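Protein sequence lines, in the order shown, are assigned to chains A and B.
With my numbering, letter number 183 in the first sequence gets 183, and the count goes up by one each step, no holes.
With my numbering, letter number 51 in the second sequence gets 51, and the count goes up by one each step, no holes.
Cβ atoms here follow ideal geometry from the backbone N, Cα and C, with glycine treated the same way.
Nothing here was measured: the structure is a model prediction, and the numbers come from that model.
One structure is given below, encoded as structure tokens.
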Amino acid sequence: MIRNESSVLDHYQAMELAVSALLIEKGYFTEEDMVAEINAMEKRTPEIGAAVVARAWVDAEFKERLIEDGTAACESIGLDMGPTRLMVVESTNEVHNVIVCTLCSCFPRMLMGIPPDWYKSENYRSRVVREPRAVLKEFGTVLPDGISVRVHDNTADMRYLVLPRRPDGTEGMSQEELAKLVTRNSMIGVAIVEAP
Amino acid sequence: MARFSPGDGVTVRWSFPPGHIRTPYYIRGKSGEVAQVLDSFANPEELAFGRDGLPKQPLYRVRFAQNRVWPQYSGMVGDTIDVELYEHWLEREGAQ
């Protein structure tokens, strides 16, 4: 496969090349499978998650199912959730949710694609758990007094999606219009959704 | 059958085994409350070495008050952190 790498490989790049070459040689998968998987991964974008959020805002029955069993609710509207399980956490006037994986880069890729680089950075991973309000502020998010911050460290078998609070003043908007307001950062929880 | 129920006080084992461990360091030895009993999953500490990870381990979402996790915590009193923890990492609070 053609790779865009500098001539000097670091330890993990060399290991990745060696392991993928071995797996292909041993017939676990082909080079074509690998390309197809990378292409599929790159096709997933935060717009998928935004559509789920907007649907939950306008459809109370869907929202209830989404919070009860995120995987089943997403599959019921035709989304392929792969092997991971989805947990949807709702931000309200009382609680603001934010997600992190302190161990690596666990992320609801099926709904948002590849995580942003900062999400994988040691800075974000180590700081958001112990000073979440300071980190939120760096993203321009200052929460009013009285809202608790709940951090979710998704380190095991569930993947988390934040269902942001629907902004005031959007009562007349359609599901499609609402979906355009929902950003990737708001579904991670470092931002809130603003009315247009 | 899950050993703990929502609302139970639990303490994360103060333990540092080698290998592929999914329990973050910062939460070891800390006490919180079971927020939710998730499903049971094959133990990732075993899967990482090519074993079957059976029997499956119940997985919990445990909620910790931030000011009990970080003594210097500067946020608000009601701030919390939820961590997913497998049952073999949990003890009943006060039982150690």
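Neighbour-count burial assignment, residue i, 16 or more Cβ in a 10 Å radius
i       : result
L54(B)  : exposed
H152(A) : buried
E30(A)  : In the sequence on display, residue 30(A) carries Thr and not Glu. Exposed, since its Cβ has fewer than 16 Cβ neighbours within 10 Å.
D82(B)  : buried
D117(A) : exposed
Contacts of residue i in chain B (Cβ-Cβ under 7 angstroms)
i       : result
N154(A) : E84
Between the CA atoms of residue j and residue i - distance to the nearest angstrom
i       : j       : result
G29(B)  : H96(A)  : 26 angstroms
S91(A)  : R150(A) : 9 angstroms
M41(A)  : E45(B)  : 27 angstroms
Y73(B)  : N93(A)  : 22 angstroms
L38(B)  : P58(B)  : 7 angstroms
V89(A)  : E25(A)  : 42 angstroms
A65(B)  : C104(A) : 23 angstroms
Q13(A)  : G169(A) : 49 angstroms
E177(A) : R55(A)  : 11 angstroms
A179(A) : G172(A) : 13 angstroms
C106(A) : V100(A) : 8 angstroms
L17(A)  : V142(A) : 43 angstroms
K43(A)  : G9(B)   : 43 angstroms
P144(A) : E93(B)  : 33 angstroms
E64(A)  : P164(A) : 14 angstroms
E32(A)  : D10(A)  : 25 angstroms
Y28(A)  : A36(A)  : 15 angstroms
E138(A) : T102(A) : 19 angstroms
V193(A) : M187(A) : 9 angstroms
M15(A)  : M110(A) : 26 angstroms
C-beta contact flag for residue i and residue j at 8 angstroms
i       : j       : result
L86(A)  : I48(A)  : no
E167(A) : A191(A) : In the sequence as presented, Glu is not what sits at residue 167(A); that position holds Pro. No, the pair does not count as a contact, with Cβ atoms beyond the cut-off.
P24(B)  : T155(A) : yes
E87(B)  : T11(B)  : no
V98(A)  : G189(A) : yes
E33(B)  : R63(B)  : yes
S126(A) : T80(B)  : no
W70(B)  : R130(A) : yes
L161(A) : G82(A)  : no
A50(A)  : V182(A) : yes
F62(A)  : A73(A)  : yes
Y119(A) : V135(A) : no
Q175(A) : V58(A)  : yes
Nearest candidate by alpha-carbon position, reference residue i, set the options
i       : options                               : result
A2(B)   : S40(B), F16(B) and G32(B)             : S40(B)
N197(A) : V52(A), H11(A), G113(A) and M81(A)    : Outside the modelled stretch of chain A, which goes from 1 to 196, sits residue 197(A), for which no answer is possible.
P43(B)  : W89(B), V83(B) and I81(B)             : Residue identity check: residue 43(B) is Asn in the sequence provided, not Pro. That would be W89(B), whose Cα lies nearest to the Cα of N43(B).
P46(A)  : D145(A), P108(A), K120(A) and T155(A) : P108(A)
K56(B)  : V62(B), S15(B) and L47(B)             : L47(B)
V77(B)  : R133(A), L23(A), Y28(A) and L163(A)   : R133(A)
F16(B)  : Y26(B), I81(B) and P71(B)             : Y26(B)
R51(B)  : R61(B), H20(B) and L85(B)             : H20(B)
A21(A)  : M34(A), L9(A) and D10(A)              : M34(A)
P6(B)   : W14(B), V83(B) and Q36(B)             : Q36(B)
G140(A) : N185(A), V58(A) and S7(A)             : N185(A)
Contacts of residue i in chain A (Cβ-Cβ under 7 angstroms)
i      : result
R22(B) : L103, T155 and A156
L54(B) : Result: empty, since nearest Cβ-Cβ is about 15 angstroms, beyond 7 angstroms.
L59(B) : A156 and D157
Chain-ordered chain B contacts of residue i [CB-CB under 8 angstroms]
i       : result
S148(A) : M76, G78, D79 and T80
V19(A)  : Within 8 angstroms Cβ-Cβ: nothing; V19(A) doesn't reach chain B, min ~14 angstroms.
V35(A)  : Chain B residues near V35(A): none, gap ~26 angstroms exceeds 8 angstroms.
V142(A) : Residues of chain B passing the Cβ test: none, with the nearest at roughly 12 angstroms.
Neighbouring residues, chain A, relative to residue i (Cβ below 8 angstroms)
i      : result
G41(B) : According to the sequence shown, residue 41(B) is Phe rather than Gly. What F41(B) touches in chain A: A156 and D157.
Where residue i meets chain C, residues with beta-carbon distance less than 9 angstroms
i      : result
W70(B) : The displayed structure is made up of protein chains A and B, and chain C is not among them.
Closer than 9 angstroms at the beta carbon, the chain A residues around residue i
i      : result
L38(B) : R85, M87, A156, D157 and M158
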